[in-house]
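Colleague: One rule links them: number in the numbering used here = place in the sequence shown (from 1) + 7.
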Amino acid sequence: MAKIPSPCIGVCKFRREGHCIGCSMTKAQKKLAKSIKKPDQQDAFLTLVMHQQNDLGRYTHWREAYAKRCAKKGRKLPEALKAALARPVEGERAKPATSAE
């Protein structure tokens, strides 16, 4: 299995108590993400980052940006992200249905 891309989406501005405003990772977590080699550990780390984003809030943009990054690199979406994309983000408004008149 190919290495999944880092949860980093290329913003890399550390505010919010040392967490990146793009992906929620700290500098130490970004360094750790680069060293993880085993697929099960990569999935677990991605799940940890997604839970961290939910706890910190304000990361609703990340899921779509990360999915786009995976597609650009020709990688399959990690299972954790597939499941997350299937359900709405907590606190996010549902998109109104459009009618075809």
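Beta carbons are placed, not taken as given, at the ideal position from N, Cα and C, and that holds for glycine. Here the structure is a predicted model, which is why all the values come from computation and not from measurement.
Quick check on this structure: which residue in Y66, S13, L84 and G25 has the alpha carbon closest to the alpha carbon of L39?
Modeller: Position 32 of the sequence shown, counted from the first residue, corresponds to residue 39. Checking every option, the nearest Cα to that of L39 belongs to S13.
Colleague: Compare the beta carbon distance of P16 and A72 with 8 Å and say whether it is the shorter of the two.
Modeller: Counted from its first residue, the sequence shown places residue 16 at position 9. Counted from its first residue, the sequence shown places residue 72 at position 65. Reading off the sequence shown, one finds Ile at residue 16, where the question assumed Pro. Yes, these two residues count as a Cβ contact at 8 Å.
Colleague: Using 8 Å as the threshold, is the C-beta distance between H26 and L63 below it?
Modeller: As a position in the sequence shown, residue 26 is number 19, starting the count at 1. As a position in the sequence shown, residue 63 is number 56, starting the count at 1. Against a cut-off of 8 Å, the Cβ pair of L63 and H26 comes out as a contact.
Colleague: Please list the terminal residues of the continuous alpha helix (DSSP H) segment that includes R76.
Modeller: Against the sequence shown, residue 76 aligns to sequence position 69. Where R76 is concerned, the enclosing alpha helix (DSSP H) stretches over W69 to K79.
Colleague: Based on the DSSP secondary-structure assignment, which residues constitute the bridge partners of H26?
Modeller: Counting from 1 along the sequence shown, the entry for residue 26 is found at position 19. Paired residues: R22.
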